[in-house]
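Notes follow the structure.
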Amino acid sequence: MKKHQRNLIIIFIVSSLVFLFNLDTLPVNIMEARNFVTAREMVEDGNWILTTMNGEARYEKPPLPTWLTAFSGMVGGIQNVTFLRIPAAICSIVLMLYLYFLNFRITQSKEFSLMATLVATTSYLIVFMGRQGTWDIFCHTFTIISIYYLFEGLQSKDKEWKNWMLGGVFLGLSILSKGPVSLYALFLPFLIAYGIVYRYQLKSKLPQLIIYIIIALLIGGSWYGYISIMDTHAANEISDKETTAWVNRNVKPFYRYFTFFVQSGIWVVPTLIGLLYPYLKDKVFSKKAYQLFFWWTILSVILLSLIPEKKERYLLPVMIPMATTTAFFFDCIIKEKFSLVKREHYIVQFIIGLVGIVAILLPIGIYIVSDSVNWIRFILLAIGSISIGIYLFMSLRRKDYSKSFFSIIGFMTLFAFLGMPLVLNFFPKNENYTSIENLKEEIKKQNLALFTYEFYSPELWFQYGQKMKVFDLQKEKEYPNHFLVLTSEKDSLKQNLNSLYLIDSIKSFDHNNFGEKANNYTHRLSYTLYKLNKKYSEINSE
């Protein structure tokens, strides 16, 4: 078997184990819920182009990822979380394969490209986002594919068109996945980094470049053009709101992303060392390649830092080139293991020893905090994890850093495949948790129309399985004399509707899986069901 084929098989197996299994482990978050609700309304209401969420226009995000989600939902069930997340997981696998191709094209080293791709496959933020049904993984995957073909076109001495046209198609698909987000955070930093390292020579390639741009804009702008014509008012209103959000919502200081490297998870220490440019630039086997990925990473962080709105998940594009700078550090360690100075030995031993300790202690920690576990899963995880931990210390003693590296990959793969559902035991459980079925039973028992009042909860809209009507005070006279209202705004409800209705509290619900001390606890999933009875005087006045 050729080394290329072997590497691709390894990447496919590892990324499949990391991204495709236990997809129903984590609760659906707000970003996924928006995507899933829109996908459901595509399937049930036929809103494939003029997309909706809970019956209202939803143009904040382009539809390509939602189309793929809807197709998967049609196969496995539109409420089946596993099937709704499968397109993102498959996209993550494709990202890893093309990242390998891109690394090999730039470095011309099969072994190194495998290392860089495996670091990316097991980096925390990539694993976390690659298993969620949101737009991010799609747009960045298509951008990396486009960059691969663009690099081929830029480096080729022939006046060929195929790479430029394919690159344009995938850049257009990136725009059709999340607008200009990936172009700004991943594509633009690459263009600048390429210019710094390789210098552009575009005179002979200008026609191809123009075609590349035209194809990207035609594909990427197609949906935006359609909704602008067919639903101009809503499209403009939503566009203005999204533009304002980038400046006014979740505003954080410029330096918020300066600890970006911690998002690599278990690779945090080697990631930091891999970005020490003066230290590594003369040690790496390909200085140009290292410079490209270094500047690509740093420029991505800088450009993201310029945007006032900041969230940790926005760092996903940074993780992709940063995995390669991390691999450069490990490559230096493996190839120069006998020439390491004492200080470097200590650093390497600390990194590998720390992972070994985590691998040995993980099953013990899970056992201590768990009330109940899947014993087959736990035993397999314990055997595998402790064995890897012991092997890490053995390879450390022999200074066999190549085996240490692949043992770390094995541990992370094992963790994603077997350990992820068990790790939920570390989070505080919500003692007041009520399932969505409790709400449905109560509504069925009351046998009245249901409305929501000042209540925005895409997660609930998804769990409920159908659209939830929004109460509009302007249309109050059109409503029945008796109906139900869901809200978490008790004071506002009574202040605005007390003169018109008798308001009776029926039951409170909390759909949060984790307790209030957990970071992902949200009040959007905590609310009360009320029964509203129109007052007699109001009925007579009608």
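Note that my numbering has the sequence shown beginning at 36, numbered continuously upward.
All residues carry an ideal CB built from backbone N, CA and C; glycine is no exception.
Sequence-distant residues of its chain with Cβ nearer than 8 Å to residue i (five each side left out)
i, result
"Ser239", "Lys194"
"Val286", "Pro343, Glu344 and Lys345"
"Leu338", "Tyr219, Ala220, Leu223 and Pro224"
"Ser191", "Asn198"
Residue closest to residue i, alpha-carbon to alpha-carbon, out of the options
i, options, result
"Tyr159", "Ser527, Cys367, Gly500 and Phe295", "Phe295"
"Leu431", "Gly300, Ile386 and Thr267", "Ile386"
"Ser148", "Leu334, Gln530 and Leu43", "Leu43"
"Ile368", "Ile355, Gly309, Ser407 and Val390", "Gly309"
"Phe544", "Asn460, Ala220, Leu495 and Tyr514", "Leu495"
"Thr156", "Asn283, Lys213 and Pro356", "Pro356"
"Asn465", "Phe490, Lys322, His546 and Phe440", "His546"
"Tyr325", "Lys38, Gly111, Asp366 and Trp302", "Asp366"
"Thr448", "Arg41, Ser51 and Gly188", "Ser51"
"Lys479", "Val63, Phe136, Leu237 and Tyr499", "Tyr499"
"Tyr491", "Thr360, Ser439 and Arg69", "Arg69"
"Lys370", "Val353, Val304, Leu252 and Lys438", "Lys438"
"Pro352", "Asp539, Leu457, Thr178 and Phe136", "Thr178"
"Asn64", "Leu103, Val303, Arg120 and Val78", "Arg120"
"Ile248", "Ser181, Phe118 and Ser407", "Ser181"
"Gly400", "Asn409, Gln384 and Ala417", "Ala417"
"Thr176", "Ala124, Leu61, Phe461 and Tyr314", "Ala124"
"Glu347", "Phe293, Gln384 and Leu535", "Phe293"
"Ile414", "Phe428, Leu427, Tyr426 and Leu397", "Leu397"
"Leu453", "Met429, Tyr426, Asn460 and Arg412", "Arg412"
"Pro515", "Ile538, Lys569, Tyr468 and Pro313", "Lys569"
"Pro456", "Trp410, Pro242, Lys525 and Thr60", "Thr60"
"Leu535", "Leu560, Glu551, Asp526 and Leu508", "Leu508"
Proximity test, Cβ basis, 8 Å: residue i and chain C
i, result
"Phe497", "Any reference to chain C falls outside this structure, which holds one protein chain only."
Endpoints, beta strand (DSSP E) assigned at residue i
i, result
"Ser578", "The structure shown does not extend to residue 578, since the chain is modelled only from 36 through 577, so no value can be given for it."
Run of the alpha helix (DSSP H) containing residue i, from where it starts to where it stops
i, result
"Gln243", "Leu241 to Met265"
"Ser439", "Tyr436 to Leu449"
"Asp80", "Ile65 to Asp80"
"Lys213", "Lys197 to Lys213"
"Trp410", "Trp410 to Arg432"
"Ser51", "Lys38 to Phe54"
"Thr306", "Val303 to Gly309"
"Pro62", "Premise fails: Pro62 is in no alpha helix (DSSP H) and is neither H nor E."
"Val232", "Leu223 to Val232"
"Tyr312", "Tyr312 to Leu315"
Own chain, CB closer than 6 Å to residue i, minus 5 neighbours either side, in chain order
i, result
"Ala92", "Ala269"
"Tyr488", "Phe506, Val520, Thr522 and Leu528"
"Leu327", "Ala228 and Val232"
"Gly90", "Lys502"
"Tyr184", "Asn198, Leu201 and Gly202"
"Phe173", "Pro100, Cys126 and Ser212"
"Gly255", "Gly207, Ile210 and Leu211"
"Glu471", "Reading off the sequence shown, one finds Ile at residue 471, where the question assumed Glu. For Ile471, where only same-chain residues beyond five positions count, the Cβ hits under 6 Å are Gln498."
"Ile541", "Leu564 and Lys566"
"Ser107", "Phe118, Ile121 and Pro122"
Other residues of its chain near residue i: CB distance less than 7 Å, five sequence neighbours each side excluded
i, result
"Ile231", "Trp330"
"Ala362", "Phe147, Met150, Ala151 and Val154"
"Phe446", "Val390, Ala394, Ser420 and Ile423"
"Met200", "Ile246 and Ile250"
"His558", "Ser523"
"Pro305", "Thr361, Phe364, Phe365 and Ile386"
"Glu67", "Gln167, Gly168 and Thr169"
"Asn555", "Phe549"
"Val216", "Cys174"
Residue i burial status per 10 Å Cβ neighbour count (16 or more: buried)
i, result
"Asn533", "exposed"
"Ile333", "buried"
"Lys37", "exposed"
"Ser335", "buried"
"Lys322", "exposed"
"Leu58", "buried"
"Met583", "Because the chain spans 36 through 577 in this model, residue 583 falls outside it and cannot be assessed."
"Thr359", "buried"
"Tyr402", "exposed"
"Ser442", "buried"
"Ala484", "exposed"
"Arg284", "exposed"
"Met354", "buried"
"Gly111", "exposed"
Check: residue i C-beta below 7 Å from any heavy atom of the ligand SAM
i, result
"Phe446", "This structure does not include the ligand SAM; it has no bound ligands of any sort."
> Can you list the alpha helix (DSSP H) stretches of 4 or more residues lying completely in the segment 87 to 172, in chain order?
Replying inline: 99 to 111, 116 to 142, 145 to 156 and 159 to 165
> At what residue ranges does the segment 459 to 535 contain a whole run of the beta strand (DSSP E), taking only runs of 3 or more?
Replying inline: 485 to 487 and 517 to 522
> Enumerated in chain order, which unbroken segments of the beta strand (DSSP E) with a length of 3 residues or greater are wholly contained in the segment 325 to 367?
Replying inline: none
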